[in-house]
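Chains as they are written, first to last, in this note's numbering: chain A, 8 to 318; chain B, 8 to 318; chain C, 62 to 311; chain D, 62 to 311.
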Amino acid sequence: PQALAEFQARIDRGERIEPKEWMPEGYRKTLIRQIGQHAHSEIVGQLPEGNWITRAPTLERKQILLAKVQDEAGHGLYLYSACETLGVTRDELFEKLHSGAMKYSSIFNYPTLTWADMGAIGWLVDGAAIMNQVPLQRTSYGPYARAMVRICKEESFHQRQGYSIMMKMAQGTPAQKEMAQDALNRFWYPSLMMFGPSDAESVHSTQNMAWKIKINTNDELRQRFVNETVPQAEYLGLTVPDEHLRWNDDKQGYDFSEPDWDEFFEVLKGNGPCNEERLGARRKAWDDGQWFREGLSAYADKQATRRTAAE
Amino acid sequence: PQALAEFQARIDRGERIEPKEWMPEGYRKTLIRQIGQHAHSEIVGQLPEGNWITRAPTLERKQILLAKVQDEAGHGLYLYSACETLGVTRDELFEKLHSGAMKYSSIFNYPTLTWADMGAIGWLVDGAAIMNQVPLQRTSYGPYARAMVRICKEESFHQRQGYSIMMKMAQGTPAQKEMAQDALNRFWYPSLMMFGPSDAESVHSTQNMAWKIKINTNDELRQRFVNETVPQAEYLGLTVPDEHLRWNDDKQGYDFSEPDWDEFFEVLKGNGPCNEERLGARRKAWDDGQWFREGLSAYADKQATRRTAAE
Amino acid sequence: RPAMFDWLCRLGDNALILGHRTSEWCGHGPALEEDIALANTALDLIGHCQMWLGLAAEVEGQGRTADQLAYLRDAMAFRNVKLVELPNGDIGQTIMREFLFDAFHFELLTELSTSPNTRVAEIAAKALKEVAYQLDRASDLVVRLGDGTEESHARMQAALDHLWPYTGEMFTADAVDTAMTEAGIAPDLSDLQTRWTATVKDILDEATLTLPERRFDVHTGGKQGRHTEHLGYLLAEMQFLQRAYPGAEW
Amino acid sequence: RPAMFDWLCRLGDNALILGHRTSEWCGHGPALEEDIALANTALDLIGHCQMWLGLAAEVEGQGRTADQLAYLRDAMAFRNVKLVELPNGDIGQTIMREFLFDAFHFELLTELSTSPNTRVAEIAAKALKEVAYQLDRASDLVVRLGDGTEESHARMQAALDHLWPYTGEMFTADAVDTAMTEAGIAPDLSDLQTRWTATVKDILDEATLTLPERRFDVHTGGKQGRHTEHLGYLLAEMQFLQRAYPGAEW
């Protein structure tokens, strides 16, 4: 309890907690879950966009998309490293992903059906992610906060690229504009879900906010996202698929409809459009890659033996 | 020798040899090889055309192509049945195909690269096949001769369909005409090879002709094919890729260049463009289908047991 | 009228896409008889597609043809259920899908063959004969493979479990379905569902397979043009020549 | 000039098609580091393609762009070697192909980077840095996997045996190659072959893999537009949007 109080005091003073320092077990576990889930989201998040790389409509768009998906794998790498500082290996985390014991962001269980979805994902999904992540640059755990700094920088670049795709589509042919509107229709509510259910329903929030693992409430962030995104949609000439959406002068923000939380929980339970495909693809990649990883480590062992023998 | 002389006398009188009748071992073996190879060619021959079914340019063309490939499987079925009357099972024949112990027509080791190839295969490949097969309707072995009657009827239908594709292409846009010419360029010599090397080089010919397993020499059939096909090419407005091609009034037939027999033997050795793909596809189909075949026969066994128990 | 166009596209697109998937087996089947039967099924389905899309084009009245509908619409405009666009998987999965779809298709065409809309009734009657045969064949194979070896049983059960959450879409009525039912042209989907469920239960029972407990209507939206990621690839392949050589005749 | 256009298309198409195949791995690699490296390789190759096809379009002088060359030619007009269009196979096959191609690509670009044609030399110099890195990486993986476990050794040997008959096409000179060599723009392919063979032997030796005895020039023709059956499918997928929405901007 003494240690706990001191720990809390450090956090309250705005100090960063570093890997080898003492921390409460709950703090460690929560961080592993949160950072791990974030890492998994980056990895699984390669798939919906990867789905359009081979069909990107120009060489330049193909390069931009490839670079983006590569960045996502890179983010996964930083985040797994941050997680490893908490005493869990990347392979253990993968195993938990593959067994379903750990989750990834539900948004990636939605399919990418047209090229406009590459725009919508950059604009809305990365936009929502940034909204979640910017405050986490000030999170109390050092390696996590530093990973966030790096990631946020790249994400905002991705968001601009996504918006630029939406712009081209929205200003393009009628067919392109239709794809853009359809992408917004499909990704709007799932993006709102990315902030999680209302905090009223979340039991861990208070502790996590005290620990500065969570900085803002889900509802705060969701409101902020809507406030920023609606004018962007208007600028694109697209219609947000919410008939209750209107500006509220009192709160200086938009009133908007809640997403369908039943759908959210169904997707979480595995009944989303692509849960099986996504997890299946990752499991297959892992299983198919086993001989590769074993080959590399066998070689490393042999080399170590050879070095020892040579000494 | 007495039996042999009588056997030969029957054949000379134009009698048909039927399954349960006595026949020389060499006759039986040669027939198994020839009918089996023909059956294998029908089965492997599904693949080059199967390659364009999913990309057929109209619904009608798709139906025609599907029907054709289905016919080929059907021909395989008759021919394996004819072969089985000689005391070898279909599964044994498949095993020999898969192990490389038995061959199929080398023509199917060439790729189908454009839609015009569907025309060229019907026109040239089926055309050459018919040229080979029409005389075999009079072959001495009953089941084989009867299978040939049925097959020839369908093949000539396929040939007309192929020619009709070539016609559309040759009279179509410049791009289509280019594809048609390219298909003719690629399939001309391989089609000539379908009749086999000059009989001068073939050791078995004389015996097989005496047995009426082979009716005409390879060179005769090849000449007949050229004579029939060249005017068809002219009618299409396409150029046969042979600068030495010319009408020879003396022989009332065309002089033409020999195909590159080195290429023929290379393809036979396995160095054709698609040998590995074709055999690989068939092996995979067979291996992947093992559980299916085993399931069906296990069910049949159970049913037999159930019937016995019920009696 | 727009409802009728959409509804006819559903019939045509189901046949087209399932026919396409079936045709992918050509030359790769597990036995020669199966190669023949699969090609035959594909051929029948493409034939049905041609009739339904032909009528759809007429009803639309904008001068489009069945080929144009098949070859020049992008995925968003396709109206087939997701079940038929899924990749084939192994032959067991292909057969299980055929069975689950045929059992619906058979009931639907049976009703449509007595539709007061004579054009619809004619096409349905033609297609029904072939689909009845397909259903018999698929049911028979499901039984034999389900009650075959341990492996064939396991594969058929896995196929069923995988496909089950896609089956509900066939019976999930939307405004288009309701409009067609109310117009008296099409049957009530919930009636079909009752009969489908009975057939499916019977056959699965005989096949010693277990009906999944999972919701059967997890994956819907295809009928409204919201497909799986698989359809786009299928269309890119299918439509290549018409897209690359616009206006050419074949 | 037409020879130069064709020759530049060969350079551009090799990069485009190999880049495409490599990009198919995105998100499906055997390890996170590999996912990143494969995406990076694909990215580099698409970049090279853009430069080479850009120059090809200029040389052609008919107002086409790199994108139009990439997206609006059909298979017969593609000039890549068959090696790069083969399906990926397992990751071992993908790496082995990259190694076999990079070893050629590296020698070629090294020579081209001092070509008297300054445009060619500039592009080659830019690409060379990336290709040198790719070759290092691929060589390293070939060695480690070849000399890894029994399984990894067997897979790498199978990959080598499968790909070997496609490698000769890179060194089989035709009129286009000869014209470019005679014009002093491109190196003699037989010189490249000598150096390629030395590199390949060294690395395979270190990898404990056996050089196949089979002819290495069995599968040629890609450079003249006679491809494998695989390229058509690849292009149908790659070109779909440009074909389906002609003239749209993205």
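Even for Gly, the Cβ is constructed at its ideal location relative to N, Cα and C.
Since this is a predicted model, take the numbers as computed values, not measurements.
- No Cβ of chain D is located within less than 8 Å of the beta carbon of A/Ala311.
- Taking all protein chains shown into account, A/Val274 has 16 or more neighbouring C-beta atoms within 10 Å of its C-beta and is therefore buried.
- With contacts defined as CB atoms closer than 8 Å, C/Ala131 and C/His109 fail to qualify as a contacting pair.
- When DSSP states are grouped into helix, strand and coil, A/Asn225 belongs to the helix group.
- Those residues of the segment 197 to 220 of chain C placed with their C-beta closer than 7 Å to a C-beta in chain B are Arg205, Leu206, Asp208, Gly209, Thr210, Glu212, Ser213, Arg216, ordered along the chain.
- Secondary structure note for B/Arg313: its alpha helix (DSSP H) is the uninterrupted segment 297 to 317.
- Look at B/Gln77: its C-beta is under 8 Å from a C-beta on chain C.
- In the DSSP annotation of this structure, the continuous segment of the alpha helix (DSSP H) that includes A/Gly43 starts and ends at 32 to 51.
- C/Glu290 has a beta carbon lying within less than 8 Å of a beta carbon in chain A.
- Counting of Cβ neighbours within 10 angstroms places A/Ser304 among the exposed residues, the total staying below 16.
- Taking 8 Å as the threshold, the shortest C-beta distance from A/Gln183 to chain D falls below it.
- Rounded to the nearest angstrom, the gap between the Cα atoms of B/Met109 and D/Thr233 is 33 Å.
- Inter-segment contact for the segment 214 to 229 of chain D and the segment 137 to 154 of chain D is present: three or more beta-carbon pairs are separated by less than 8 Å.
- Residue state for C/Tyr306 is assigned as coil, using DSSP reduced to three classes.
- Residues of chain C with a Cβ closer than 9 Å to the Cβ of B/Glu301 are, in chain order, Gly209, Thr210, Glu212, Ser213.
- Contact with chain C is found for A/Pro280, since one of that chain's Cβ atoms lies less than 8 Å from the residue's Cβ.
- With respect to the 8 Å criterion, B/Leu86 and B/Glu49 are classified as neighbours on the basis of their beta carbons.
- The Cβ of A/Pro118 sits closer than 8 Å to at least one Cβ of chain C.
- Per DSSP, reduced to three states, the secondary structure at C/Tyr132 is helical.
- Between the alpha carbons of B/Phe14 and B/Glu301 lies a distance of about 41 Å.
- A straight-line Cα-Cα distance of about 8 Å links C/Asp238 and C/Ala64.
- The CB of B/Asp189 comes closer than 8 Å to the CB of Met137 in chain D, given here in chain order.
- Close to D/Glu298, with beta-carbon spacing below 7 Å, are these residues of chain C in chain order: Tyr294, Ala297.
- Checking the DSSP bridge columns, you'll see B/Ile24 partnered with B/Tyr148.
- Secondary structure in the segment 156 to 238 of chain D: the alpha helix (DSSP H) runs of 4 residues or longer, each lying completely within the stretch, are 179 to 207, 211 to 228 in chain order.
- For A/Asp249, DSSP assigns no beta-bridge partner whatsoever.
- Residue pairing by DSSP places B/Gly260 opposite B/Asn255 in a beta bridge.
- Straight through space, the alpha carbons of D/His166 and D/Arg287 are spaced by roughly 21 Å.
- The alpha-carbon separation between A/Tyr34 and A/Trp293 amounts to approximately 30 Å.
- Between D/Arg276 and B/Asn278, the CB-CB gap stays under 8 Å.
- Around the beta carbon of A/Gly244, a 10 Å sphere encloses fewer than 16 other beta carbons of the protein chains shown; the residue is thus reported as exposed.
- Annotation: D/Asp197 to D/Ala259 spans about 15 Å, alpha carbon to alpha carbon.
- For A/Gly81, the residues of chain D that pass the 7 Å Cβ criterion are Ile97, in the order they occur in the chain.
- A/Arg314 and D/Gly209 have their alpha carbons spaced roughly 16 Å apart.
- For C/Trp68, the enclosing alpha helix (DSSP H) covers residues 63 to 84.
- C/Trp257 sits in a helix when the DSSP states are folded into three classes.
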